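Numbering (this note's numbering), first residue to last: 9 to 303.
Beta carbons: idealized from backbone N, C-alpha and C, even for Gly.
From a predicted model like this one, the values you see are computed outputs, not experimental measurements.
Notes for the one structure printed next.
Below you can see the structure in the form of structure tokens.
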């Protein structure tokens, strides 16, 4: 296989990428910030319900993978012949070594320690020495492998408050990692819900793989009140969900929220103030865990 590398201004990124995939036989196309790791680098991320900070990078690197060198050369020739590709510059054409992509992907996911005893371990890894409580979890379609600070903080809280909770709600369950973590620490009836059907299926599969019982479904599967409600989403949806999540809190129940940047703490406190007082319980790499308890 051969990789063709181009640089392009923002306006050309989408049409060039589409041309490579739709008409020029590229096997894959990726786009990166041409100014990455420099002072001119700009992060592109946002939250649901909020406008994107900017439509794209000023300069991008486009990488296209082709089956062979002639296909890549032909694609480059045809692109540069178009009158609308002014500003597109080739940077190189490189032969790519054959890869064991499965092994390469697996090498990027190592066991994750939550506490000294509690570990998340991909199925292809040996259980680390000293790990007495283990969750087997492989990367999949849904968010949640334990590597992100928000997930780790939630799991640490669960481990530190291990108790046979009579009911637990994991709202926005993703891979089901928090629900499974609660089950491994003694929780009884667990409802794990998500708006994404793929996440629901992922949660069910991961629960089965870990030998735990839980009820995974769409949001309407959450019924009644719970002594523990977990939600690792993002700040904006967490604010919008405040009435719903608090309606599921039993008297004296604990609420654990994550997906919140440190600078967003006051916004979350204000959103939940009619029901309970939130406090910052943990912090990791700029992200915070906020918890509260209903009277």
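For the beta strand (DSSP E) that residue 199 lies in, which residues bound it at each end?
-> 197 to 201
Identify which residue in 194, 228, 93 and 246 has its Cα closest to the Cα of residue 204.
-> 228
Sort out for me which residues DSSP pairs residue 75 with in a bridge.
-> Residue 75 is not bridged to any residue.
Of the residues 284, 174 and 266, the one placed nearest residue 157, counting alpha carbons only = 266
For residue 257, I'd like the list of residues in its chain whose CB is within less than 8 Å of its CB, leaving aside the five on either flank, ordered along the chain.
-> 233, 234, 237, 263, 283, 284 and 302
Relative to the alpha-carbon of residue 259, which residue among 175, 104 and 276 has its alpha-carbon at the smallest distance?
-> Of 175, 104 and 276, the residue nearest in Cα terms is 175.
Return the first residue and the last residue of the beta strand (DSSP E) that residue 100 is part of.
-> 97 to 103
In terms of residue numbering, what span does the alpha helix (DSSP H) encompassing residue 28 cover?
-> 18 to 30
Which listed residue (167, 280 and 39) has its alpha carbon closest to that of residue 121 | 167
Put residue 259 into one of helix, strand or coil per three-state DSSP.
-> strand
Residue environment, residue 304, which counts as buried when at least 16 other CB atoms sit within 10 Å = The structure shown does not extend to residue 304, since the chain is modelled only from 9 through 303, so no value can be given for it.
Excluding sequence positions up to five away, which residues of its chain have a Cβ less than 7 Å from the Cβ of residue 20?
-> 93, 95 and 96
Assumed close pair residue 297, residue 289 - CB separation to whole angstroms, cut-off 8 Å = 5 Å
Measure from the alpha carbon of residue 133 to the alpha carbon of each residue in 216, 145, 124 and 140, then state which is nearest.
-> 145
Does the segment 210 to 222 come close enough to the segment 183 to 195 to have 3 or more Cβ pairs within less than 8 Å?
-> yes
Thinking C-beta only, is residue 67 closer than 8 Å to residue 98?
-> no
Below 6 Å CB to CB, which residues in the same chain sit around residue 163 once its five sequence neighbours on both sides are set aside?
-> 122 and 189
Pick from 15, 231, 300 and 118: whose alpha carbon is nearest that of residue 165?
-> 300
What did DSSP end up calling residue 283 once you bin it into helix, strand or coil?
-> coil
Every unbroken beta strand (DSSP E) inside the segment 171 to 223 [3 residues or more] = 175 to 179 and 197 to 201
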